[in-house]
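Its first residue numbered 1, the sequence shown is counted upward by one per residue in the UniProt record's numbering.
Glycine is no exception: its CB is placed at the ideal position from the N, C-alpha and C atoms.
Nothing here was measured: the structure is a model prediction, and the numbers come from that model.
Have a look at the structure below before the remarks.
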Amino acid sequence: MADKNEYVNVALEVVSDGDVKQERDLRVPKWITTRQLREQITEDLELDRNQLAIDILRLKYKDEILTDSQLMSNFSLAEGDVIDIILVAKGASKPITTEEE
Numbered sequence: 001m002a003d004k005n006e007y008v009n010v011a012l013e014v015v016s017d018g019d020v021k022q023e024r025d026l027r028v029p030k031w032i033t034t035r036q037l038r039e040q041i042t043e044d045l046e047l048d049r050n051q052l053a054i055d056i057l058r059l060k061y062k063d064e065i066l067t068d069s070q071l072m073s074n075f076s077l078a079e080g081d082v083i084d085i086i087l088v089a090k091g092a093s094k095p096i097t098t099e100e101e
C-alpha cells in the first residue's frame, strides 16, 4: 500500500531532429498512468504546442513508444529511469528523429 504514495526522480530528455535538445529531472509518482505522465511532463516543461509548432508529444520509455491506446495504462517507474520526449512537428506523420533501430 505504501507504494501508491512513493515518488521517484526520473530524467527527461526532449528529443527533436534526432538530438537531445533539453535534459531535466522530474519527480513523479512511482505508479502513474501514461496520461498523467504526459500531463505532468507537459506542465513541467511548459510546452505550448502552438508556439513550438508541435502536433504530437510522444513518450518513449524503455525503448517503447507509449501510444494513445495506453493512456490509462498504469505502470511503475523506478528511481533514475529515463523518459524520452519526442516532439512531432506540425504536418509530420511521424516523430522527428534520425534514430535507427
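| Query | Result |
| --- | --- |
| Once you ignore the five residues that flank Thr34 on each side, which residues in its own chain have a CB closer than 6 Å to its CB? | Leu66, Gln70, Leu71 and Ser73 |
| Which of the three DSSP states, helix, strand or coil, is assigned to Leu71? | coil |
| In the DSSP assignment, what are the bridge partners of Ile32? | Phe75 |
| If you drop the 5 nearest sequence neighbours on each side, which residues of the same chain put their C-beta closer than 7 Å to that of Glu99? | Confidence at Glu99 is low in this model, with a pLDDT of 45, below 50, so the placement of that residue should be treated as unreliable; the coordinate-derived value is given next. Excluding residues within five positions, the ones whose Cβ falls inside 7 Å are Gly18. |
| Rounded to the nearest angstrom, what separates Tyr7 and Arg27 at their Cα positions? | 6 Å |
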